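Heads up: the structure comes next, in structure tokens.
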Amino acid sequence: MSREYPIIAVTGSSGAGTTTVKRTFERMFAREDVHAAFVDGDAFHRYTREELARIFREEPERKNQLSHFAVEANLLDRLEALFLEYGEHGSGTYRHYIHAEDKQMIEAGHQVGTFTEWQPLPCGTDLLFYEGLHGGLVTAEHDIARHVDLLVGVAPTMNLEWIQKIDRDIKLRGYSQEAVIDTILGRMNDYVRYIQPQFSRTHINFQRVPTVDTSNPFEVQDIPNDAESFVVIRFRDPSTVDFPWLLAMIQDSFMSRPHTLVVPGARMSLAIELILAPLVRHLLAQRRFR
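And the structure:
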């Protein structure tokens, strides 16, 4: 937990939908006049795309051993140092990883699959917002989760997560379906070892569950839309949640367990704002009274 400056982390796998949750936070921050320092977890990958491709060409056996989910493929010491420094001083260094959809950065001369230079975080921010793979990671060498004040997990049902990743990587990043499937299969061991355990450490999990047939996620198909899904929201500490108020505010929502709220997919953004806005205000109020 940070002492001076709050840290919010949204963690989830590639294609899970963390960016959608990030955009909801951005709207919330704008409305609440919260000035956030935004950090992308991909910026802490150890290798550029070309460096990783070269490793796989020279050592093909490492293709199933070195994924972006793995500890050894990321600069987790720098990520943990950033969280520690920001929590104490509101400062730190970060960079960007360039994706194919980062049109403005590509037009500015950056190449897809590379990094920008490390630079200081903006001054005078109210909190740090991290979106990426390892916001709740705990290993023998690293305990990133302990620095996070509000840890949010985004974990759709497995088949839906794969459908979303295949659709994104084909349409936005130019990969073939076969290449994306190979990536999914190659990362499976690291997914189970490093990604899934984080969802037991989160304060809140958002899990989108489709209500249409996704039995074969590797068949080309449209992503189920919001109206074709429910969102299962699990709270680690239900005693802090006003469930009657949420049930009244979110039409057609219901409780499936004492710590779990289920809402229609079309009302996911509303649910995120109703649930998380009071928590953000609480974090900032604690900071002001320190």
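With the UniProt record's numbering, letter number 29 in the sequence shown gets 29, and the count goes up by one each step, no holes. Glycine is no exception: its CB is placed at the ideal position from the N, C-alpha and C atoms. All values derive from a computational prediction rather than experimental measurement.
Using the rule of at least 16 other Cβ atoms within 10 Å of the residue's Cβ for burial, across every protein chain shown, is residue i buried or exposed?
| i | result |
| --- | --- |
| residue 9 | buried |
| residue 271 | buried |
| residue 13 | buried |
| residue 76 | buried |
| residue 147 | buried |
| residue 74 | buried |
| residue 225 | exposed |
| residue 309 | Only positions 1 to 290 of the chain appear in this structure, which leaves residue 309 out of reach. |
| residue 65 | exposed |
| residue 249 | exposed |
| residue 93 | exposed |
| residue 229 | buried |
| residue 212 | exposed |
| residue 61 | exposed |
| residue 16 | buried |
| residue 264 | buried |
Please list the terminal residues of the continuous alpha helix (DSSP H) segment that includes residue i.
| i | result |
| --- | --- |
| residue 80 | 76–89 |
| residue 127 | Careful: residue 127 lies outside any alpha helix (DSSP H), inside the beta strand (DSSP E) at 127–132. |
| residue 159 | 158–171 |
| residue 31 | 18–32 |
| residue 247 | 243–249 |
| residue 104 | 103–107 |
Starting from the C-beta of residue i, find all residues in its chain whose C-beta is less than 6 Å away, skip the five residues before and the five after it, and write them out in chain order.
| i | result |
| --- | --- |
| residue 90 | 5 |
| residue 169 | 175 and 180 |
| residue 159 | 214 and 217 |
| residue 296 | Since the displayed the chain opens at 1 and closes at 290, residue 296 lies outside it and no answer follows. |
| residue 145 | 136, 138 and 201 |
| residue 268 | 231 |
Near residue i, what residues of its chain come up, given a Cβ to Cβ distance below 7 Å and the 5 sequence neighbours on each side ignored?
| i | result |
| --- | --- |
| residue 108 | none |
| residue 50 | 113 |
| residue 187 | 67 and 69 |
| residue 116 | 95, 96 and 110 |
Pull the bridge partners of residue i from the DSSP assignment, please.
| i | result |
| --- | --- |
| residue 268 | Partner(s): none; residue 268 has no beta bridge. |
| residue 205 | 153 and 234 |
| residue 37 | 128 |
| residue 180 | Paired residues: none, contrary to the question. |
| residue 257 | 260 |
| residue 138 | 143 |
| residue 229 | 210 |
| residue 115 | 97 |
| residue 45 | 74 |
| residue 120 | 93 |
Return the first residue and the last residue of the beta strand (DSSP E) that residue i is part of.
| i | result |
| --- | --- |
| residue 11 | 7–11 |
With a threshold of 8 Å on Cβ separation, who are the neighbours of residue i within its own chain once the five nearest residues in sequence on each side are excluded?
| i | result |
| --- | --- |
| residue 125 | 5, 35, 36, 37 and 90 |
| residue 296 | Only positions 1 to 290 of the chain appear in this structure, which leaves residue 296 out of reach. |
| residue 256 | 232 and 262 |
| residue 118 | 93, 94 and 95 |
| residue 44 | 74, 75, 76, 78, 79, 132 and 134 |
Regarding residue i and the ligand NAP, is the C-beta to nearest heavy atom distance less than 6 Å?
| i | result |
| --- | --- |
| residue 126 | Although the ligand NAP was asked about, the structure shown includes no ligands whatsoever. |
Is it a yes or a no for the stretch 156–169 touching the stretch 216–225, going by three-plus beta-carbon pairs under 8 Å? Enough Cβ pairs lie closer than 8 Å, so yes.
The stretch 238–253 contacting the stretch 187–198, beta-carbon criterion three pairs below 8 Å: Flag = no, the stretch 238–253 and the stretch 187–198 do not touch.
Between the stretch 195–209 and the stretch 229–241, can you find at least three pairs of beta-carbon atoms closer than 8 Å? The stretch 229–241 vs the stretch 195–209: in contact.
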